[in-house]
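Trainee: Could you have a look at this structure, given as structure tokens, before my questions?
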Amino acid sequence: MMTQTTPAVRPARPHFSSGPCAKRPGYSPQELNISALGRSHRSKLGKSRLGEAIDRTRALLGVPDDYRIGIVPASDTGAVEMAMWSMLGERSVDMLAWESFGAGWVSDVTKQLKLDARSLTAGYGEIADLAAVNPAHDVVFTWNGTTSGVRVPNADWISADREGIVICDATSAIFAQPLDWAKLDVVTYSWQKVLGGEGAHGVLILSPRAVERLESYTPPWPLPKIFRLTKGGKLIEGIFEGATINTPSMLCVEDYLDALKWASSLGGLDAMHARADANAAALGAYVEKTPWLDFLCEDPSLRSNTSVCLKITDPEIAALEEADQRAFVKAMEKLLESQDAAYDIGGYRDAPPGLRIWCGATVDTADIEALGPWLDWAYASAKTAL
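The opening position of the sequence shown corresponds to residue 2 in my numbering, with each subsequent residue numbered one higher.
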């Protein structure tokens, strides 16, 4: 039986939001280098800080030397849209989606760009038929479904001899899951996710094949200034050397540099992967012994180790109308926040009613372990109030 006894131990940092995500352990804004604040981002100092962010990104992620890395506006969304509007249309495209953001990319390509697109989709908790992807087509997919808790298991389904380019939204996977760079032509992310950085900036990584597409193909629609990656048929190399398209927040850049340095101090990418895996395993151990809760994704090989999505399986709650199920989850959220035990763990608005708990590397495993009893307490308290 669940009890309403208040747990004795709270998570030291109750930040489990799936974006913006928890800051790194020990974070303090007082430690940021603010010498570039109030200076032009095009000054020698500004360019050097942006250039360092690019260089540290390459080193930490192991991005191949011949891939370009650029900092772009409008978060991961801006980076994905920039890639799609600049590169798609040269050939047919396969659009893969199994959650809300992937569905958004499908909508943009089919309804806004009006391209010859084939949609390969799956419901929340499942994944599309990866084997059906045509290597002659361009491909757009989300590596890790932030709102569904489903990730691709690997990149083996992407042909090494593909004719099209592969655009990968990796925003909640990068720094937590291994990416196969040879299979990916465009990789996008926002540092507000796995590194816990501040929002509004995206990162765009291009392979030589992506650059070739940009320089050999001109889309038939007009491109706004913030989407333009070429001039006179050539890549604007400055974008990938720190000369951003529009004015970035140098404070956010310093915040990103702080996170990159912290990740390197842990031991780099392997250490980041290990922290996320440990957090997901700790949450999984709790879910396995909890009768009222289960994973939204039933296949363990496809479960995310960052945005872990859960469903309430208690028959009494599951039998409620959807609006009432969402109200129940909201009641749990309010209870947890009132006790400073967990913030922002409700499922995404378009996903089935449930919980979503961030397990990325900036979260401490001890806080995940401390969270379990509080979930039991909030569940029991909310159910008593029905």
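The beta carbon of each residue, even a glycine, is placed where N, CA and C say it ideally should be.
This structure is a prediction, so every number in the text was calculated from the model and none was measured.
Given that a residue counts as buried once 16 or more other Cβ atoms are within 10 Å of its Cβ, and exposed if not, what is leucine 38?
Mentor: On the sequence shown, residue 38 is found 37 positions in, with the first residue counted as 1. With fewer than 16 other Cβ atoms within 10 Å, it is exposed.
Trainee: So, do the segment 94 to 110 and the segment 149 to 169 have three or more beta carbon pairs nearer to each other than 8 Å?
Mentor: Result yes; three or more Cβ-Cβ pairs closer than 8 Å.
Trainee: Scan the segment 284 to 364 and note each continuous alpha helix (DSSP H) run of 4 residues or more that stays entirely inside, going in chain order.
Mentor: With a minimum length of 4 residues, the continuous alpha helix (DSSP H) runs that stay inside the segment 284 to 364 are 316 to 319, 323 to 339.
Trainee: Check the DSSP bridge columns for leucine 89 and list the partner residues they point to.
Mentor: Here residue 89 corresponds to residue number 88 of the sequence shown, with the count starting at 1. Answer is none; leucine 89 lacks a bridge partner.
Trainee: Quick one: grab the DSSP three-state call for phenylalanine 142.
Mentor: Position 141 of the sequence shown, counted from the start, is the residue given in the question as residue 142. Strand at phenylalanine 142.
Trainee: The beta strand (DSSP E) with glycine 203 in it runs from where to where?
Mentor: Here the question's residue 203 lines up with position 202 in the sequence shown. Start and end: 202 to 207.
Trainee: How many angstroms separate the CA atom of alanine 84 from the CA atom of glycine 90?
Mentor: Counting from 1 along the sequence shown, the entry for residue 84 is found at position 83. Counting from 1 along the sequence shown, the entry for residue 90 is found at position 89. Each residue's alpha carbon lies about 11 Å from the other.
Trainee: Take valine 187 and list the residues in its own chain whose beta-carbon comes closer than 8 Å to its own, dropping the five residues that flank it on each side.
Mentor: Locating residue 187 in the sequence shown gives position 186, counting from the first residue. Around valine 187: Ala84, Met88, Ile166, Val167, Ile168, Cys169, Leu205, Ile206, Leu207, Ser208, Ala211.
Trainee: Determine the burial state of threonine 245: buried for a count of at least 16 other Cβ atoms within 10 Å of its Cβ, exposed for fewer.
Mentor: In the sequence shown, residue 245 corresponds to position 244, counting from 1. It is buried - the Cβ of threonine 245 has at least 16 other Cβ atoms within 10 Å.
Trainee: Using CA atoms only, rank isn't needed, just tell me which of Gly243, Met273, Leu258, Thr291 is closest to arginine 69.
Mentor: Counted from its first residue, the sequence shown places residue 69 at position 68. Closest option to arginine 69, Cα to Cα, is Gly243.
Trainee: Grouping DSSP H, G and I as helix and E and B as strand, with all else coil, what is isoleucine 240?
Mentor: Working through the sequence shown from its first residue, we reach residue 240 at position 239. Of the three classes helix, strand and coil, the one that applies to isoleucine 240 here is helix, per DSSP.
Trainee: Is the distance from the Cβ of serine 173 to the Cβ of valine 195 below 8 Å?
Mentor: In the sequence shown, the residue the question calls residue 173 occupies position 172. In the sequence shown, the residue the question calls residue 195 occupies position 194. Yes, the pair counts as a contact, with Cβ atoms nearer than the cut-off.
Trainee: Could you tell me the alpha carbon to alpha carbon distance between alanine 342 and methionine 333, rounded to whole angstroms?
Mentor: Here residue 342 refers to the residue found at position 341 when the sequence shown is read from its first residue. Here residue 333 refers to the residue found at position 332 when the sequence shown is read from its first residue. Near 11 Å, if we compare the C-alpha coordinates of methionine 333 and alanine 342.
Trainee: Around the C-beta of glutamine 1, are 16 or more other C-beta atoms found within 10 angstroms, so that it is buried, or is it exposed?
Mentor: Past the boundaries of the shown model lies residue 1; the chain is included only from 2 to 387, so the question cannot be answered.
Trainee: Tell me whether the segment 304 to 316 and the segment 350 to 361 touch, counting them as touching only if at least three CB pairs, one residue from each stretch, are closer than 8 Å.
Mentor: Touching, per the Cβ criterion.
Trainee: Pop quiz: glutamate 255 and proline 21 are said to be a contact at Cβ under 8 Å. What is the actual Cβ separation, rounded to whole angstroms?
Mentor: Taking the sequence shown and counting its residues from 1, the one referred to as residue 255 is at position 254. Taking the sequence shown and counting its residues from 1, the one referred to as residue 21 is at position 20. Not quite, the Cβ-Cβ distance comes to about 16 Å (not below 8 Å), so this is no contact.
Trainee: Taking the alpha-carbon positions, what's the tryptophan 158 to threonine 58 distance?
Mentor: On the sequence shown, position 157 is the one that residue 158 refers to. On the sequence shown, position 57 is the one that residue 58 refers to. Roughly 26 Å separates the two Cα atoms.
Trainee: Is it true that the segment 370 to 384 meets the segment 281 to 295, where meeting means three or more beta-carbon pairs spaced less than 8 Å apart?
Mentor: Cβ pair count under 8 Å is three or more, so yes.
Trainee: Between which residues of its own chain and serine 18 is the CB-CB distance below 8 Å, once the five residues before and five after are set aside?
Mentor: Residue mapping note: residue 18 aligns to position 17 of the sequence shown, counting from 1. Around serine 18: Tyr344, Asp345, Ile346, Trp359.
Trainee: Using only alpha-carbon positions, find the residue among Ala183, Phe176, Gly233 that is nearest to alanine 277.
Mentor: Your numbering for residue 277 matches position 276 in the sequence shown. Here the closest residue by C-alpha is Phe176.
Trainee: Alpha carbon to alpha carbon, how far is serine 120 from asparagine 135?
Mentor: If you number the sequence shown from 1, residue 120 lands on position 119. If you number the sequence shown from 1, residue 135 lands on position 134. Rounded to whole angstroms, serine 120 to asparagine 135 spans 12 Å at the Cα level.
Trainee: Can you name, in chain order, every residue of its own chain whose Cβ lies under 7 Å from the Cβ of alanine 383, other than the five neighbours on each side?
Mentor: Along the sequence shown, one-based indexing puts residue 383 at 382. If we look at alanine 383 and ignore the five residues flanking it on each side, its Cβ neighbours are Phe329, Ala332, Met333, Leu336.
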